[in-house]
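Residue numbers (the numbering used here), protein chains in the order written: chain A, 1 to 161; chain B, 1001 to 1563. Where is the CB? At the ideal position from N, CA and C, for every residue including glycine. Keep in mind that this is a model prediction, so the values were computed, not measured. The next block holds one structure in the form of structure tokens; read it before the comments.
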């Protein structure tokens, strides 16, 4: 099972290296990682997705907790968490297929943000399921490039993440 | 004042009176400030010597060890020592010079990314960005190094910052603000009660104690617990001395080269009371077959150690001293019948009697190494501070030197660093000037940091190096003997120095012992002088350390050691 860890860290140089290095040397794998400053510039929040099957999630969080710059770790419950990632896809599309690509993008509430004679760039935001569905649908046209931010997550309601 | 001076003031305030180090271009300002400052500096002959000495100092004294090295190669020479301290949880602060701030990242002369290189082997590290933060960083570094699970902290200080003029406001600089670092010291009361109950109810209990007991200073509490509950105690390598080795409840060391009775006990017990240990692979062997019928109570200050290797029924996160103190209160409320595990104790006694450690004096006229270690123990009455190198010498020392108390047996456990013992002995001698400090060495290991003879002699540190000289890299040769068809690939030295002349060249005393009857008199003679000494014991080349549980094996696979 995939786990989404929300990790609150001190916003200091080298912290990302410490986290990434810990995963590497403890033989843990990161599926995705997104990081940015929080509402308080002293802290950053990392959203890390890891495979709970491949590694004991308890060891991952305990080892992370040992890093001096890590303040808080939350293994987010998907039922009470909003998760999103942003994906940009460059899809092969000429005059014969462009309309269909744009129509499909529309169904997914994805935006077409660039058009050229041979391609369009589609921007989509959503959870992993939505992104994968759109990718599958656009695959037959030819996905030239795909760039994704990695998942970010926030808890529902007033409770802090 | 200059920031270099402020750094020293911060060290002084942390109680530092001695540092080990080696100067270089990027720490000249720091050394200049030290020139007329009241901190003793021990100049080693290699940075590795400095950090192992700081490590030995820390282990012998219980204080934070400090070492200094310059940028680039000076700092990279510390890496083994940092990793060594990390794996054995030794509190160290390593201060390294760095190239000028503006030059960082340009591949400048003697530049190395020290915080980067050391990242996997430090408890924490700092690359200092402003001169003003230097004192606070030093105080934080000490706080992190000595609290919680101790460990090494690296502070990398660019040379230009050492020269800047700053204020040292001790009041402000010693305020520790680490929101992400709050070690748990007090064990959960409910868990402590559960542990007490488990100990009281067990039919075949065993205490498995390690380095955490030593670093927490919990040996007295451990002693009281063992005596009160009448439960036998086995220790890890780093735990040697946390329980007296000659006590009737002591089973000595367990694991790969542990005693047979300790290994039989752990594999047959129904309760492991583990304190300050980490179920290392050299202890457990094959985890699938380790202690099959045991319920585990695990006390450790590091939550990540609990259930890392072995499933734990009663986890207690906390400082060993505090937890054992609380536990004693709880267990004294319970009704402990003195003969509640009588048949278990008879069984343990029986194992002890029928499977003692083998100590041969000689074989074919050649001195057996275990006889030398045994004699060292007898001559010193278990009161010396014994440091070891790594390999067979270390295992014989661990088996046969029954240290009376904690901080008296100093050995590289987790990393297994050859060349650790002698510089560590130098550090231990600095920490305990009046103690007899011995390095039990092999002829391989001693040559890895032998340059420190100069440091020892120059500082009048009367360390006694006892080389169990078998002319080979004994432990690897033993593996080749047992598991590789005696193909002694690169383990027999084709040449060796004359250790007696070598000692004399450095101004130390040198002795050579080739006959069993000379072992004791020469030890007595060497121990009686105020000089640094090497005693070159010529021992049997093909002597093996037994018992031995092959790597990854089970207690059932245990080899040798029979009379």
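Any Cβ of chain A closer than 7 Å to the Cβ of residue 1188 (chain B) would place that residue at the interface, and such an atom is absent.
For the region 1175 to 1203 of chain B, the set of positions with a beta-carbon nearer than 8 Å to some beta-carbon of chain A reads 1178, 1179, 1180, 1181 in chain order. When the beta-carbon positions are compared, residue 1472 (chain B) and residue 1541 (chain B) come within less than 7 Å of each other. At a cut-off of 7 Å between beta carbons, residue 1328 (chain B) makes no contact with chain A. By the Cβ criterion, the region 1382 to 1396 of chain B is in contact with the region 1429 to 1440 of chain B, since at least three pairs of Cβ atoms, one from each stretch, lie closer than 8 Å.
Within chain B, no C-beta atom comes nearer than 7 Å to that of residue 147 (chain A); the closest sits roughly 28 Å away. Unbroken alpha helix (DSSP H) runs of no fewer than 4 residues, entirely contained in the region 1077 to 1123 of chain B, are found at 1079 to 1087, 1114 to 1118, following chain order. By the neighbour-count criterion, in which 16 or more other beta carbons inside 10 Å mark a residue as buried, residue 1464 (chain B) falls on the buried side. Listed along chain B are 1116, 1119, each with a C-beta nearer than 8 Å to that of residue 17 (chain A).
Between residue 121 (chain A) and residue 113 (chain A), the C-beta spacing is below 7 Å. Nearest in C-alpha terms to residue 1153 (chain B), of all of B:1177, B:1172, B:1115, B:1131, is B:1115. Rounded to whole angstroms, the gap between the alpha carbons of residue 1536 (chain B) and residue 1047 (chain B) is 26 Å. Runs of the beta strand (DSSP E) lying entirely within the region 1222 to 1309 of chain B, each at least 3 residues long, are 1233 to 1235, 1250 to 1253, 1271 to 1275, 1295 to 1300 in chain order.
Nearest to residue 1416 (chain B) by alpha-carbon distance, out of B:1390, B:1553, B:1403, B:1436, is B:1390.
Contact between residue 76 (chain A) and residue 6 (chain A) holds, with the beta-carbon distance rounding to 6 Å and staying under 8 Å. When DSSP states are grouped into helix, strand and coil, residue 27 (chain A) belongs to the coil group. From the listed residues B:1017, B:1316, B:1229, the smallest Cα separation to residue 1337 (chain B) is found for B:1229. Collapsing the DSSP output to three states places residue 39 (chain A) in coil. In this model, residue 1310 (chain B) and residue 1271 (chain B) are separated by some 13 Å (Cα to Cα). In the DSSP assignment, residue 1208 (chain B) falls within the unbroken beta strand (DSSP E) covering 1205 to 1209. Using a Cβ-Cβ distance cut-off of 8 Å, the region 1039 to 1054 of chain B and the region 1154 to 1169 of chain B are not in contact, since fewer than three pairs of beta carbons, one from each stretch, lie closer than that value. Straight through space, the alpha carbons of residue 1305 (chain B) and residue 1204 (chain B) are spaced by roughly 24 Å. The straight-line gap separating the alpha-carbon atoms of residue 1281 (chain B) and residue 1256 (chain B) is approximately 9 Å. Residue 1210 (chain B) places its beta carbon 7 Å or farther from that of residue 1184 (chain B).
Think of a sphere of 9 Å around the beta carbon of residue 59 (chain A): the chain B residues whose beta carbon falls inside it are 1304, 1307, 1308, in chain order. Annotation for residue 1151 (chain B): 1086, 1089, 1123 place their beta carbon closer than 6 Å to its own, counting only its chain and skipping 5 residues before and after. In the three-state reduction of the DSSP assignment, residue 1340 (chain B) falls in the coil class. Residue contact check for residue 1298 (chain B) against chain A: no CB pair falls below 7 Å. The continuous stretches of beta strand (DSSP E) do not include residue 1144 (chain B), which lies in the alpha helix (DSSP H) extending over residues 1134 to 1146. Pairing residue 1059 (chain B) with residue 161 (chain A), the inter-Cα distance amounts to about 42 Å.
Any Cβ of chain A closer than 7 Å to the Cβ of residue 1124 (chain B) would place that residue at the interface, and such an atom is present. DSSP lists B:1464, B:1509 as the beta-bridge partner residues of residue 1533 (chain B).
Here the region 1053 to 1068 of chain B does not lie against the region 1121 to 1140 of chain B, with fewer than 3 beta-carbon pairs under 8 Å apart.
For the 7 Å CB-CB criterion, residue 8 (chain A) and residue 67 (chain A) do not form a contact. Per DSSP, residue 1527 (chain B) is one residue of the alpha helix (DSSP H) stretching across 1516 to 1528. One Cα belongs to residue 1220 (chain B), the other to residue 1505 (chain B), and the distance between them is close to 44 Å.
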